[in-house]
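Shown next, in structure tokens, is the structure this report addresses.
Numbering (this note's numbering), first residue to last: 13 to 174.
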């Protein structure tokens, strides 16, 4: 088991929605970038939803998020994990999501990238939190049971909050 830590949130005063993952996988940790695994569809989905040109440049990707008022973070601050699967996470400690939302009151909705993120967020904030919370299909390559087009369609709900 390896002890790992989340990244700092990508957020600013103009962010209107917060997308939460669980915690970065091995490739993301190596690259120090959210959703760095080439098989993860997060960046492809974001670019397609907003009709933005897909870029491999991480700084360009961050600019796309900021342009469209999207914040990004993870529900887990630290944990132990062998490999990249959420099912292998142990001894997790939560990020302070409530504090972040207090500091950035323009956030009007939260979207969880997968079930692990959603279940953890419910533990952190409770089931009756004041903001709407949605669980979206994981963009991870581990979620191969759903076709890309279905994931893309589900993810388009974020447009309703921007």
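Where is the CB? At the ideal position from N, CA and C, for every residue including glycine.
Model, not experiment: these values are computed from the prediction.
Neighbourhood of residue i by C-beta distance below 8 Å, restricted to the same chain and skipping five residues each side
i	result
residue 93	13, 14, 16, 35, 100, 101, 102
Reference residue i, options the options, closest by Cα
i	options	result
residue 159	98, 57, 38, 141	57
residue 166	60, 51, 23	60
residue 154	50, 19, 114	50
residue 26	141, 163, 79, 68	79
residue 96	72, 47, 77	47
residue 144	120, 86, 163, 83	120
residue 21	84, 122, 163	84
residue 105	116, 86, 122, 113	86
According to DSSP, residues forming a beta bridge with residue i
i	result
residue 14	93
residue 105	90
residue 32	85, 124
residue 22	84
Beta-carbon proximity list for residue i, same chain, < 7 Å, skipping 5 on both sides
i	result
residue 1	This structure leaves residue 1 out entirely; the chain is present only between 13 and 174.
residue 52	151, 152, 153
residue 24	78
Query - At least 3 beta-carbon pairs within less than 8 Å: the segment 26-46 vs the segment 101-117 - result: yes
**Report entry** Uninterrupted beta strand (DSSP E) stretches inside the segment 55-89 (no shorter than 3 residues)
**Finding:** 82-86
Report task. Please determine if the segment 116-127 and the segment 139-149 are in contact, where contact requires at least 3 C-beta pairs separated by less than 8 Å. Result -> yes
Query raised in the report: Do the segment 131-139 and the segment 42-59 meet, that is, are 3 or more Cβ pairs less than 8 Å apart?
Result: no
Query raised in the report: Which parts of the segment 108-156 are runs of the beta strand (DSSP E), unbroken and 3 residues or longer, counting only runs that do not cross its ends?
Result: 121-125, 145-148
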